[in-house]
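Numbering (the UniProt record's numbering), first residue to last: 1 to 309.
A virtual CB, placed ideally from N, CA and C, is assigned to each residue, including glycine.
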Ligand SMILES: [Zn+2]
Ligand SMILES: [Zn+2]
């Protein structure tokens, strides 16, 4: 349904293919041109090979979970919403303790607080962070953990392959200097090929490494401040708007609005991290294991609140 719809996004499909290709290329170069020539016959070959492949395996596992997991799509109602009666509906919502729920006019459904509509998925996503083409899916309440784990392992794999390539390159240069006379013309074509692979992998590792580390940092900041990028943008715009209006009118509106907007930042940082990564030990935070979904602002989420639509 909607998950199939988002897989049809051409940009997302290209990014998915690029991700898998980059991972398999990195593994190929590391094994074929780094570990086998530089560490053959040594225990380091097995050790580096095992650790590097374990990181790639975890990277792919987290990526698959982020791609195929439900990011927190708000279910569509069975019956159409009567938009002419919205005013009375919203007053009933408040009465039943569902304050903050809104109606999305695009997918015509009731959505809990902090849910936003994604134009690519064409659905509302609970605590939507952003739509990521690299996982061809939204990053939302239910798959943010897997997305962050994917960033973490991509960063680790990039750093590890950089270290391995640089070490092998230095080893190769030293070797050439020592045994220059023995094999002069023999290795010339493959030598260029090897150096080309080293350069491509280094560029790939630096680009992906820097890219994922920046996003990783942003994700952690958004969790700790309890503000998704959409909410950050909205709050900044509201503050700017309020400053403009307060200079012309009274400042009462600013003082009334700010505490409401910033109220959700008072939770402890560890509690906010646990909401995303689960209540298990920090070791479990590194594994793509399912953690029980959090409730929405204390309300256990169901497909639809019992409104008379
Ligand atoms: Zn929507
Ligand atoms: Zn989306």
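Below 5 Å from a heavy atom of ligand 1 - residues by beta-carbon: 104, 106, 107, 117 and 124
Residue of 163, 117, 120 and 153 minimising C-alpha distance to residue 212: 153
Report yes if the C-beta distance between residue 288 and residue 144 is below 8 Å; otherwise report no. no
Indicate, with yes or no, if ligand 2 has a heavy atom lying under 7 Å from the CB of residue 120. yes
In DSSP terms, what residue 116 is bridged to: 125
Please list the terminal residues of the continuous alpha helix (DSSP H) segment that includes residue 53. 43 to 68
Following a CB-centred definition, is residue 62 positioned closer than 7 Å to any heavy atom of ligand 2? no
What residue range is occupied by the uninterrupted alpha helix (DSSP H) comprising residue 153? 144 to 178
DSSP-derived helix/strand/coil call for residue 23: helix
What does the Cβ neighbour count give for residue 178, buried or exposed, with the cut at 16 atoms within 10 Å? exposed
Between residue 125 and residue 65, what straight-line distance do the alpha-carbon atoms span, to the nearest angstrom? 17 Å
Between residue 290 and ligand 2, is the CB less than 7 Å from at least one heavy atom? no
For residue 14, I'd like the list of residues in its chain whose CB is within less than 6 Å of its CB, leaving aside the five on either flank, ordered along the chain. none
Note down the Cα distance separating residue 56 from residue 173, rounded to an integer number of angstroms. 28 Å
Can you check whether the CB of residue 216 is closer than 8 Å to the CB of residue 158? no
Between the Cα of residue 164 and the Cα atoms of 140, 17 and 28, which residue gives the shortest distance? 28
Between the Cα of residue 141 and the Cα atoms of 103, 116 and 104, which residue gives the shortest distance? 116
Going by Cα to Cα distance, which pick from 18, 16 and 35 is closest to residue 194? 35
Exposed or buried, residue 139, counting other C-beta atoms within 10 Å across all chains shown (16 or more means buried)? buried
Tell me the start and end of each unbroken alpha helix (DSSP H) in the region 183 to 226 that is at least 4 residues and wholly inside, in chain order. 188 to 224
Can you tell me which of the three DSSP states residue 238 falls into? helix
Spatial distance of residue 222 from residue 228 (CA atoms): 5 Å
Between which two residues does the alpha helix (DSSP H) holding residue 284 run? 282 to 285
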